[in-house]
Amino acid sequence: MKKYYNPETKNLDIDCYCSALKLAEPQSVFIIHACAHNPTGGDPSKEQWQELARLFKARQLFPLFDAAFLGFNSGNVDSDAFAVRLLIEKMRLEAGVCLSFAKNMGLCGIYPCQGQSVVETMANNIRQGERVGCFFLATSTEKAAMKTQ
């Protein structure tokens with residue numbers, strides 16, 4: 001999606017967003033921000049998220065949420081996870097959710113260390129590109145879930 005900012009509303013260009021979903025091939029993956037859209041900082045309203053959710057379902061699209069900014073928009077992590085819950089729990093869509101905790105918990109560049117020297121562990125982790133974070137995948141069947149493990 002090339003155009004995502006509407007200078008008149010100083011927010012996301014929701015019409016462009018919907019058009020991109022309508023034109024996408026089924027099974028296309030869309031990387032979307034759960035909240036606090038980067039770089040605009042704006043979010044779709046709950047009504048707009050419901051329209052986007054309908055389009056994701058109707059077009060058989062795969063939402064991949066970047067949820068690094070939970071809590072930044074409303075001040076409440078639970079409130080900012082509205083879109084994730086809507087698409088996965090209410091619309092029953094398969095989706096990916098990437099949580100880094102880098103922004104909202106200050107864990108950017110934190111490396112887990114256990115058993116080895118801190119310096120050795122950090123050096124190994126940095127070389128491998130390993131960082132603290134989580135990736136969740138919601139699937140519609142147990143068979144699909146087993147394939148992703």
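The letter at position 69 of the sequence shown is residue 69 when you use UniProt numbering, and the numbering goes up by one with no holes.
C-beta atoms are modelled at their ideal positions from N, C-alpha and C, and glycine is treated no differently.
Check: Using the beta-carbon count (16 or more within 10 Å), is I32 buried or exposed?
Finding: By the 10 Å Cβ count, I32 comes out buried.
Next item on the list: Please report how far the alpha carbon of residue 153 lies from the alpha carbon of Q60, in whole angstroms.
Entry: This structure cannot settle anything about residue 153, because the visible part of the chain is limited to 1 through 149.
Next item on the list: Starting from C16, trace the alpha helix (DSSP H) both ways and give me its first and last residue.
Entry: Counting along the chain, the unbroken alpha helix (DSSP H) around C16 starts and ends at I14 to L23.
Notebook entry, point to check: Opposite D66 in the DSSP bridges: which residues?
Noted result: H33 and C98, per the DSSP bridge assignment.
Item checked: Pairwise C-alpha distance: S74 and V29 -> Those two C-alpha atoms are separated by around 27 Å.
Check: When the distance is taken between beta carbons, is W49 closer than 7 Å to A83?
Finding: At the C-beta level, A83 and W49 come within 7 Å of one another.
Item checked: Burial state of residue 150 (16 or more Cβ within 10 Å) -> Outside the displayed span of the chain (1 to 149) sits residue 150, for which this structure offers no information.
Check: What separation, rounded to the nearest whole angstrom, lies between the Cα atoms of N6 and C16?
Finding: Cα to Cα, N6 sits roughly 9 Å from C16.
Notebook entry, point to check: Using a Cβ-Cβ cut-off of 6 Å (strictly less than) and excluding sequence neighbours within five positions of K3, which residues of its own chain qualify?
Noted result: The residues are D13 and C16.
Check: Does the beta-carbon of D43 have 16 or more other beta-carbons within 10 angstroms, so that it is buried, or is it exposed?
Finding: Around the CB of D43, 16 or more other CB atoms lie within 10 Å, so the residue is classed as buried.
Checklist line | Close Cβ partners of K90 (< 6 Å) along its chain, the five nearest in sequence each way excluded | finding: For K90, where only same-chain residues beyond five positions count, there are no Cβ hits under 6 Å.
Next item on the list: Classify A58 as buried or exposed, calling it buried when 16 or more other Cβ atoms lie within 10 Å of its own Cβ.
Entry: Burial call: exposed.
Check: When you compare each of P63, C18, L93 and L70 to G41 by their alpha carbons, which one comes out closest?
Finding: Considering only alpha carbons, the answer is L70.
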